[in-house]
Each structure stands twice: as structure tokens, then as C-alpha cells.
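Colleague: Per my numbering: the sequence shown = residues 13 to 626. What follows is a single structure, and I will ask about it in a moment.
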Amino acid sequence: MKENSQRTFRRLLIILLAVMLLTGAMIIFAFYQFYSIASNNIIRRWLNNVQQEAQDVSYYLTMPTDAVAFTGKKLNAMMARNATYEEVFAYLQDETSVYSTMIDENTTGVYCYYKGKYLDGSGWVPPADYDPTSRPWYQQTLRKGGLTVVDPYMNMQTHEMTMAVCQLLDDGESVVCMDVFMDGIQALTEGAAASPEAAYALVLDKSGMIVAHSDINEAGKNYAINTESIEGKMVRELNKDAGNFFELDTGDDVYEIFSEPINQEWKFVLVLSKDKTFSSLTYIYVVTALSLIAVFGAILFLFFYINKKHQENIVLSEDMRAAADIYVDLARIDFRSDHLEAIKQQEDGAGFIQNPSDSFTRVSEQICSEMTAEQSKEILKNFLNVENIRERLKEANVLSHEFMDTRDQWIRTRFIVMDRDEKGTPLHALLAFESIDEEKKYQEKLRKLSELDQMTGIRNRGSGEAMIRNLMADGVRGMFCLMDADKFKSINDNYGHDVGDKVIIAIADCLKKTFRDTDVFFRLGGDEFAAYARGVDSEKIGRNIVNRLFYNIDNIHIPELKDRKICLSLGASFYPADRNDSFDALYKRADKGTYRSKEQSGNYATFLFYDTDI
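Next comes the structure, spelled out in C-alpha cells:
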């Protein structure tokens, strides 16, 4: 073994000298690689930031868009039965009241031009000379048709810059709209441009018009008009679909342009100064160059030092090699002298044992303070205390503890007694660190799988009911719904279980579309489902949610079913009904409501408020 080690040492020394001759070339190559990786990381980071900003703007528009689409569906139905202006106006007022609680203060409400008359759910009375058909919201909707996001314009009611989401109704002349104030989108663009690297941020449409700009004075301008300006060149490149990132050289400066589409008409754009964006790399590479030179200068000294230590520990290393393979770090501890001698260390220097020979107390303190996650520090510090360890090892040969390091990875550390004195007190022990992150992640994956319904991907009964009970324990009000598909057995009998499975999955998808991420919805089993809508404590809001669910159910299309519609019977109850309300009572009320709904045809919901309603 020693002879082989000497031959290995001579070969490594020759290789090392050759490497030193190529140091210059390696440094140049390393810098090139570091620069490429670091610059790409910076670009990816900004692309991610812009993508997030675009998603925030899109989310800002989602609720008004869904609200207008739902209201348009209802108004078309009212138009089909020749509803009066008074009925339509009352409906718009109700919708405005509902949406004012769901969309905060981003809108004034729902209004429409209905069969030649302007009706405003917020109660605003327009001036005598107000002509709705001349307003941008009406003209653009009539021109584009369908569901339209109208370009920003001055709101006559609030005198603020506003954009509108509008729906052309079935008669081809009536239009229903909801205004969305631009201050939210304006705040997003200003926030995106707050970084020192940012020149400005903007939202623009395909024509080059500025929907929002971090400099509010630029809003409403059309950058495409002046094709020779910096902004005009930028718009021209954006319209070429040159990708989400390109550089724009103006002669005086170079800008990094990041963009992300928001919808079919808009883009979110962030303009950065290239010099500021990559200025951090200069300092990093100067420091890295000096570090590399120092490292290469110290290699020979470290090589001889490490080889000497290797020769001293070769016998012990051979004995422990087989056991050490499963550990990321392994060391021998002498409790009498408080000395730690490394047997195995991570080659990248990222292990828990930094020095091959050190004080065990100092190593323990370093591990707890620098390498351990905050939540694990105190317990690990107590576990690694040398006096506690010696006392506990009197009664055991092995002690182990699991903790998280600063990389949020799970580690298991063990003390294994090697020998004892005549009183049974341990003299020497092995200290081992083992990565168990994959094991923990697998356990977590199994836990999550146990909470999901495998067919639909939504929660199963056990996890769903547990979450609702926790919410009720925390005093969170809400509406609880039980629902099942009408005549589902006949679908399985007549069309086969494969089609029945498609129906179950389609109903689950409708629950995902209808309820919020903060709500709880799950499959009870078979064709039965349940949901808990947080914060919903009135029938008016609850019925709007149920109607939205029925709307989604009514639009399920499964080719094998042809014209057959899927219908739900739904029972709903509210928590709390009284001071002593419980989950079992809540469930019982909703279940009774479901049975009553089954007495009706089509999608039907029954609301029960108190146990006395049963």
C-alpha cells in the first residue's frame, strides 16, 4: 500500500508541474467560462423578473375579464326573454355590489349599453350630452367583437385614466363593460423600474401605444410614430418577434431589452442599462483572478502537506473505507484531548469538516453557526456538546440526529463508539455526516400523494376534511358545499366506465376553475365532491359562486356523451350557524340540501342555514 502510494505521489507531482505550466491558459479559459455563465445567469434572472411582472399584470386583468364574461352570459339570457330595463338595471346593481367585494377598489362596477339605453350598476348618472356610442369602450368593442380589452381612455365618471373590459352581446349592438383603473398597472411598471439597473418599464400594445409607463408622463404616447427615435427602434424590434431579449445600441449607450407578452395585444417591457446590469461582474472577476493566482501558488505547498497527512492516515483510512462510502464526511474523535481527525471530507470543500485536524469543540461550533439552518441550530448545538455526548454514550454505542443545513438539505449525523475505558466511558468515537435529503424528499412526495385523489389530482376526502376542520378551528367563516352528479350510474352503464371517469375528471376541473386557490375543494369518492369557500357568509355571494360553477359544468364537452348534459345537485350551508356549530353539523346541513336539490331537474342548489332547516 505504501509503495503504491509513493508511485501515485510521483505521478501526481509530474502532473502538477505540467498543470502549473498551463496555468495562464487555464485562467483565461476559466474567466471566459465564468463570464459566460454569470452573464447568462443575470439575463435569466431578469427574464424571470419580467415574466413575473407580466403575470402580475395579467392577473390584475383576470378577475374583471371573468366577471364581464359571466355577466355577458346572463344579460344575453335576459335579452332572450325580453327583460325590462328595470330588471337589467337591478341585475347590474347586484353584480356591482358582488364584484366590489371581490375586486377591491380597482373598478367602479358594471355598466352597459342595452338596447339603446345606458345603464350603470354603480348608480352614476351621466351628463345630458353623454353619448355612450361615441365612447372608446363602445366603438372598440363593436369593431373587434366578442370579449375586448379596450385601450386606455379618460373615464367620464372618475376623470381618471381607465381601461375597460367589454363584451358584445348577442344583438350585435348592446355592450356590457367593467372599467379597470390604470393605477394598479401603473404601480406595477413603477415597481419594476425601481431597480438601479432599470432605465424604465412600460406596457405597450402592438401599435406602439404606451398603455402604462414608469414615467407616467409617457403614458398614452405612440412610440411607433417616430421610427428613428430610440423608442421607435425598440418598438420595431419588438414587433419583429426577436424573442424575449435583445440589445439595442443607440451609439451613446447600449440597452438590454426584456419583454414578455401579457395577452394577444400587449407586452410588458423592461429596459436596462447594459453597463449597470453587468457592472457587478468586473469586481467579481478581479477578485477571482487574484484568488486563482493565489490558489495555484499554494498548490505545491498544499500538495506536500496533504500527502504527508495521507501517509499518516493511510492505515486508518483503509480500515474505514468501506463504511465511509455512505458518508459525506467522516472523522475520528479523541474525547480526552478534544481532538478531531478527518477520515473523509468532501472534495469540493463544502462539507461539514473543513480542516483535516482540529478541535472537536471548535468544529462543532463552526457547524452550528455557519452550516446549519436557523431552525436546527439550538437542538444540534445541544446534541454536539461533548459532555452531553460522552454521558449519553455511556448507555449506547450509537447516537444519531437529523437536521437541516444552510442549503435546506437534510443531514443525519452519528456518533459511533470505538472504544471505552474500564468504567465504560467512551474514549474514541466516529463522527459521521450522511445526506438523507433524497430520502426525506421521497417521504414528502409520498405524503403529498396520500393527500391527493389519484384520478382527478385534487385533494382526497381525508386531507380536504382535515383542512376544513383546521380552518373552522381558526374561526374562518365560509360556505360548505356538497355535490354529486345526477344519474351518474346511468353514464357508467350506458357509456362505459372510461367515459364515467372523464365525467369525474371534468367536474374536478370545473371546481378548479370556480374556486380560488385559498378555498378547499376535494373529491369525497365516486361522483361526490365537496368545497369550502373561505370568507363567503351570505347566500348572495354564495349563489354567484354556485352559478359560476353551474356555468362551467354546463360547458363540459365530452364527445362520447354527444348531447347529454352533466348536471349537479348541490347542497350549501354556512359556518358558523351558531356558537356551537361543528363540522358534523355543517356537513349534515349541506347533505340535506343535496337531497332536496335532487328533487329538482338540471343543475340545482339548496341553501340551508341552521340545523332547524333540516
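Where a beta carbon is used, it is the ideal one built from N, C-alpha and C, also for glycine.
Classify HIS225: buried if its beta carbon has 16 or more other beta carbons within 10 angstroms, exposed otherwise.
Modeller: It counts as buried.
Colleague: What does the alpha-carbon distance come out to for the pair TYR126 and GLU185?
Modeller: Their Cα atoms are separated by approximately 8 Å.
Colleague: If you run the structure through DSSP and keep just helix, strand and coil, what is LYS604?
Modeller: In the structure shown, LYS604 sits in a helix (DSSP, three-state: H, G or I).
Colleague: With a Cβ-Cβ cutoff of 9 Å, do LEU442 and ILE428 count as a contact?
Modeller: Their beta carbons are under 9 Å apart, which means LEU442 touches ILE428 by this criterion.
Colleague: Do you know whose CA, among ASP496, PHE415 and VAL299, lies nearest MET383's CA?
Modeller: Checked all of ASP496, PHE415 and VAL299; the closest Cα to MET383 is PHE415.
Colleague: Less than 9 Å separating the beta-carbons of MET190 and ALA95?
Modeller: Cβ distance not < 9 Å, so MET190 and ALA95 don't count as in contact.
Colleague: Alpha carbon to alpha carbon, how far is LYS1 from ALA444?
Modeller: Absent from the model: residue 1. The displayed extent of the chain is 13 to 626, so no value can be given.
Colleague: For the alpha helix (DSSP H) containing LYS393, name the first residue and the last one.
Modeller: Its alpha helix (DSSP H) spans residues 389-395.
Colleague: Using the C-alpha atoms, what's the distance from LEU214 back to VAL69?
Modeller: Answer to the nearest angstrom: the Cα atoms are 11 Å apart.
Colleague: Can you give the Cα-Cα distance for ALA42 and GLU249, rounded to whole angstroms?
Modeller: One C-alpha to the other measures close to 34 Å.
Colleague: When you compare the CB positions of MET491 and SER581, do they come within less than 9 Å of one another, or not?
Modeller: No, Cβ-Cβ distance for MET491 and SER581 is not below 9 Å.
Colleague: Starting from ILE345, trace the beta strand (DSSP E) in both directions and tell me its first and last residue.
Modeller: Counting along the chain, the beta strand (DSSP E) containing ILE345 begins and ends at 341-346.
Colleague: If we count the other Cβ atoms within 10 Å of its Cβ and call it buried at 16 or more, is GLU107 buried or exposed?
Modeller: It counts as buried.
Colleague: Considering Cα atoms alone, identify which of ALA231, ILE391 and PHE534 is closest to TYR212.
Modeller: Minimum Cα distance to TYR212 is reached at ALA231.
Colleague: Going by alpha carbons, who is nearest to GLY84 out of LEU352, TYR123, THR113 and SER475?
Modeller: Taking only the C-alpha atoms, the option nearest GLY84 is TYR123.
Colleague: Let's see if you can read the secondary structure: which residues bound the beta strand (DSSP E) around TYR142?
Modeller: Here TYR142 belongs to no beta strand (DSSP E), and DSSP marks it neither H nor E.
Colleague: Would you say ASP163 and VAL223 are within 9 Å of each other, going by their C-beta atoms?
Modeller: Yes.
Colleague: Starting from MET491, follow the beta strand (DSSP E) in both directions and report where the run begins and ends.
Modeller: Run containing MET491: 490-497, per the beta strand (DSSP E) assignment.
Colleague: Excluding the 5 residues flanking ALA543 on each side, which residues of the same chain have their C-beta closer than 7 Å to its C-beta?
Modeller: Cβ within range, chain order: CYS493, LEU523, PHE527, ASP531, VAL532 and PHE533.
Colleague: Have a look at MET90 and ASN504 and give me their C-alpha separation to the nearest angstrom.
Modeller: Looking at the two C-alpha atoms, the distance is approximately 36 Å.
Colleague: According to DSSP, simplified to helix, strand and coil, what is ASP505?
Modeller: Helix.
Colleague: Do you know whose CA, among ALA497, ASP603, ASP510 and ALA584, lies nearest ARG5's CA?
Modeller: With the chain running from 13 to 626 in the structure shown, residue 5 is simply not present.
Colleague: Between the beta-carbon of ALA354 and the beta-carbon of SER371, is there less than 9 Å?
Modeller: Cβ distance not < 9 Å, so ALA354 and SER371 don't count as in contact.
Colleague: Put SER369 into one of helix, strand or coil per three-state DSSP.
Modeller: Here SER369 sits in strand by DSSP.
Colleague: Please state the DSSP three-state secondary structure of GLN357.
Modeller: Of the three classes helix, strand and coil, the one that applies to GLN357 here is coil, per DSSP.
Colleague: For TYR97, is the classification buried or exposed, using 16 other Cβ atoms within 10 angstroms of its Cβ as the cut-off for buried?
Modeller: It counts as exposed.
Colleague: In this structure, how does DSSP classify LYS460 when only helix, strand and coil are distinguished?
Modeller: The answer is helix: DSSP assigns LYS460 an H, G or I state.
Colleague: Would SER271 be called buried (16 or more neighbouring beta carbons within 10 Å of its own) or exposed?
Modeller: Result: buried.
Colleague: Between the beta-carbon of GLN280 and the beta-carbon of ALA206, is there less than 9 Å?
Modeller: Note that residue 280 is Phe in the sequence shown, not Gln. Taking 9 Å as the Cβ cut-off, PHE280 and ALA206 do not qualify as a contacting pair.
Colleague: Kindly list the residues whose CB is nearer than 6 Å to the CB of THR618, restricted to its own chain and excluding five residues on each side of it in sequence; keep chain order.
Modeller: Counting only Cβ-Cβ distances below 6 Å, and skipping sequence neighbours, we find GLY583, GLY605, ARG608 and SER609.
Colleague: In angstroms, rounded to a whole number, what distance separates the CA positions of PRO148 and GLU463?
Modeller: Rounded to whole angstroms, PRO148 to GLU463 spans 50 Å at the Cα level.
Colleague: Distance, Cα to Cα, ALA545 vs TYR599?
Modeller: Going by the C-alpha atoms only, they are around 14 Å apart.
Colleague: Below 6 Å CB to CB, which residues in the same chain sit around GLU243 once its five sequence neighbours on both sides are set aside?
Modeller: Excluding residues within five positions, the ones whose Cβ falls inside 6 Å are TYR235.
Colleague: If we require 3 or more residues per run, which beta strand (DSSP E) segments fall completely within the segment 407-495?
Modeller: List check, beta strand (DSSP E) in window: 410-416, 422-432 and 438-447.
Colleague: Pick from ASP590, GLN612 and PHE621: whose alpha carbon is nearest that of ALA602?
Modeller: Comparing Cα-Cα distances from ALA602 to each of ASP590, GLN612 and PHE621, the minimum goes to PHE621.
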